[in-house]
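Let me begin by presenting the structure, written as structure tokens, before commenting on it.
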Ligand SMILES: Nc1ncnc2c1ncn2[C@@H]1O[C@H](COP(=O)(O)OP(=O)(O)OP(=O)(O)O)[C@@H](O)[C@H]1O
Ligand SMILES: [Mg+2]
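Chains as they are written, first to last, in the numbering used here: chain A, 137 to 441; chain B, 354 to 729.
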């Protein structure tokens with residue numbers, strides 16, 4: 137077995153009486169790009185904060201990079217890059233000034249060359265003299281990533297790094313993430329984008345502060361035992377509206393020219409479709425996709441509550 | 354990782370400096386604040402108001418009264434208006450129409466002639482003591498000189514000549530006097546409270562509100578380094594303010610520096626530290642800059658009111674004095690006034706030094722303890 141970069145067990149975090157992380161156990165192997173998924177408020181950010189020692193767990197514990205969460209937080213931070221969900225660099229400093237500040241805080245001996253290297257790598261060259269607050273969303277995120285990898289950490293915690301970033305920039309961003317992983321960095325990255333989840337070597341799905349499912353994308357899909365049908369034809373919007381009310385149909389939605397429905401029970405699903413009556417729609421069963429699975433899981437949570 | 358690193362502190366200081374430079378408006382305001390305040394307050398103080406409306410209630414129409422009125426008018430402090438009755442004059446004073454009431458009792462002239470030292474009653478509206486200060490002084494000095502030549506020869510000859518009559522000055526609303534020189538040195542303590550207390554509590558809360566604190570703490574920066582990095586620039590700024598203020602008050606208002614300048618700067622250093630540790634506490638408690646500012650203002654008001662800056666400390670009720678004693682500014686005021694005006698040395702100001710040190714110790718320790726748990 138590969139050594140673990142993150143190995144925590146039974147983490148609990150409460151804010152007041154509200155238990156936000158509820159016995160979370162998580163293992164991320166060295167060199168892995170692990171996708172951290174879950175609905176809003178499922179506890180992704182809180183977990184990342186505990187992993188780099190910004191929050192103390194109320195219960196449970198474990199190691200990051202082989203160092204204990206509770207009493208070696210400072211050492212963990214030295215070797216970890218944490219990119220916060222909100223842009224948290226100084227908007228009234230230029231890109232270069234921000235990077236220099238970070239390099240000085242880490243007391244890097246080779247400050248100049250390290251900054252030059254990271255600027256080159258992230259293509260920040262033409263932006264170095266611009267105030268960070270005046271960068272567009274995509275450039276902000278790129279600068280933040282640059283600042284997080286500047287001190288060559290072994291572990292990267294990226295909290296929704298591509299929120300609000302355009303498709304091409306997202307693609308480039310993920311190329312960078314894979315480059316870094318290729319150099320041996322371990323990456324835990326949270327996201328709401330399914331195409332990004334598919335680029336992870338493994339995904340972990342969190343709901344209500346608990347780990348619900350984990351594995352490769354195909355493992356997660358298989359574990360959900362979801363049945364999915366697709367139809368093409370006229371009036372699919374109206375059909376979708378009707379199907380959503382049928383019992384046993386968890387999800388019905390239009391994607392381009394196709395209507396997709398998904399549920400756990402093949403029998404009920406087919407009955408629901410049959411009740412549509414005589415339509416010119418042509419139905420066929422298809423492979424479930426990762427987003428079907430996650431919408432399904434988000435729905436499950438709702439019925440729990 | 355070492356608990357404290359000078360290099361990291363320097364990194365934070367450098368960043369603060371860059372941010373300060375990028376916000377020249379705030380910087381300029383902070384440096385100009387002492388001058389602006391001084392000029393504003395200074396005008397109110399320096400104005401040596403003359404022609405104050407004065408009510409005359411006379412029950413006597415002797416030669417003495419006429420001379421007295423002329424003498425009073427000649428000081429140019431008093432503008433005499435006649436009122437028929439004491440009640441009318443009282444009403445005028447309540448409305449603020451007059452600031453003094455001169456009451457010359459019936460038979461005043463006759464009793465002077467007999468050498469009986471009659472009393473002339475003067476009521477002064479002391480709610481604005483600064484305004485009436487010089488006028489009352491002029492009034493007192495009149496008693497000895499005026500009327501001398503009007504006296505009958507037997508009384509003129511007596512030596513040393515006793516004042517032919519007595520002025521009984523009765524100050525309403527505020528029994529104590531505050532002089533201009535008293536207020537100007539006190540202003541420096543007030544300005545330092547404004548700049549150090551409010552600015553630090555807001556500065557640290559801003560990092561939290563904007564979200565940069567999370568990043569800062571996720572990097573190797575230690576809370577104590579962050580706090581010091583925030584505080585040191587403000588100490589520097591505070592000293593710039595002190596110097597500006599001293600120059601201005603010497604050149605504009607002739608405030609003397611009778612004691613040691615070094616002692617003044619050193620003891621103000623302790624006072625600044627008091628404010629900074631209080632600001633640090635506020636910044637750990639407040640979630641937003643707005644809250645921090647409100648907390649600082651909440652602390653600032655009693656500093657103005659209960660410290661002896663605006664109202665004399667000894668005139669306050671006991672409970673207010675107890676609160677006042679706990680405020681560092683109360684002690685700072687005494688120290689500044691003592692050193693500047695009385696030339697006090699270290700042993701004179703020690704009774705006000707140690708309470709401030711105690712304050713730093715208690716509040717500073719609490720601030721550092723609270724600060725560790727910032728993100729939780
Ligand atoms: N400092 C805090 N005090 C109180 N409650 C908090 C605090 N931080 C987070 N929470 C709560 O904890 C829960 C989990 O929040 P968290 O930010 O970890 O979720 P998330 O998975 O990152 O969500 P999102 O996808 O929206 O970023 C939420 O219900 C949130 O309201
Ligand atoms: Mg989050």
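Glycine included, C-beta positions come from ideal geometry on N, C-alpha and C. All values reported here derive from a predicted model rather than from experimental measurement.
Residue contact check for residue 400 of chain A against chain B: no CB pair falls below 8 Å. In this structure, residue 292 of chain A sits away from residue 258 of chain A, with a CB-CB distance that is not shorter than 8 Å. Going by beta carbons, residue 295 of chain A and residue 219 of chain A fall inside the 8 Å limit. CA-to-CA, the gap between residue 572 of chain B and residue 214 of chain A works out to about 7 Å. Within chain B, 564 have C-beta atoms less than 7 Å from the C-beta of residue 222 of chain A, given in sequence order.
Taking a contact as a CB-CB distance under 8 Å, the pair residue 156 of chain A and residue 179 of chain A counts as one, their CB atoms being some 5 Å apart. Boundaries cannot be given for residue 286 of chain A, as no alpha helix (DSSP H) includes it and DSSP labels it neither H nor E. At a cut-off of 8 Å between beta carbons, residue 329 of chain A makes no contact with chain B.
Boundaries of the alpha helix (DSSP H) harbouring residue 577 of chain B: 576 to 606, taken from the DSSP string.
The beta carbons of residue 649 of chain B and residue 551 of chain B sit closer together than 8 Å.
Identification of chain A residues near residue 376 of chain B by a Cβ-Cβ cut-off of 8 Å yields 228, ordered along the chain.
Spatial neighbours of residue 626 of chain B in its own chain (CB-CB distance under 6 Å, excluding positions within 5 residues in sequence) are listed in chain order as 713. If you check the CB distance, residue 169 of chain A and residue 325 of chain A come in under 8 Å.
Taking C-beta atoms as the reference points, residue 235 of chain A and residue 267 of chain A fail to come closer than 8 Å. Residues of chain A whose Cβ lies closer than 8 Å to the Cβ of residue 368 of chain B are, in chain order, 226, 229, 233, 237.
At a cut-off of 8 Å, the C-beta of residue 628 of chain B has no neighbouring C-beta in chain A. A direct Cα-to-Cα measurement between residue 698 of chain B and residue 539 of chain B gives close to 18 Å. In chain order, 240, 241, 242, 243 make up the part of chain A whose C-beta sits under 9 Å from the C-beta of residue 361 of chain B.
Contact between residue 328 of chain A and residue 387 of chain A does not hold, since their C-beta atoms are separated by about 17 Å, which reaches or exceeds 8 Å. In terms of Cβ geometry, residue 683 of chain B and residue 661 of chain B form a close pair [threshold 8 Å]. Of all alpha-carbon atoms in B:411, B:493, B:366, the one lying nearest the alpha-carbon of residue 240 of chain A is that of B:366. Identification of chain A residues near residue 590 of chain B by a Cβ-Cβ cut-off of 8 Å yields none; the smallest Cβ-Cβ distance measures about 18 Å. Contact check for residue 606 of chain B against residue 681 of chain B fails: the beta carbons are separated by 8 Å or more.
Beta-bridge partners assigned by DSSP to residue 421 of chain A: A:365.
Exclusion of residue 406 of chain A from the 7 Å shell around ligand 2 follows from its C-beta lying no nearer than that to any non-hydrogen atom of the ligand.
The Cβ of residue 218 of chain A sits closer than 8 Å to at least one Cβ of chain B. Residue 357 of chain A sits close to residue 426 of chain A, with the two beta carbons spaced by under 8 Å. CA-to-CA, the gap between residue 356 of chain B and residue 575 of chain B works out to about 7 Å. For residue 190 of chain A, at least one C-beta of chain B is nearer than 8 Å to its own C-beta. Annotation for residue 429 of chain B: 403, 404 place their beta carbon closer than 8 Å to its own, counting only its chain and skipping 5 residues before and after. For residue 652 of chain B, the CB contacts under 7 Å within the same chain, skipping 5 residues up- and downstream, are 550, 631 in chain order. DSSP lists no beta-bridge partner residue for residue 559 of chain B. Residue 384 of chain B and residue 251 of chain A have their alpha carbons spaced roughly 36 Å apart. For residue 636 of chain B, the enclosing alpha helix (DSSP H) starts and ends at 614 to 638. By the rule that beta-carbons nearer than 8 Å mark a contact, residue 214 of chain A touches chain B. Burial is judged here by how many other beta carbons sit within 10 angstroms of a residue's own beta carbon; residue 548 of chain B has at least 16 and is buried.
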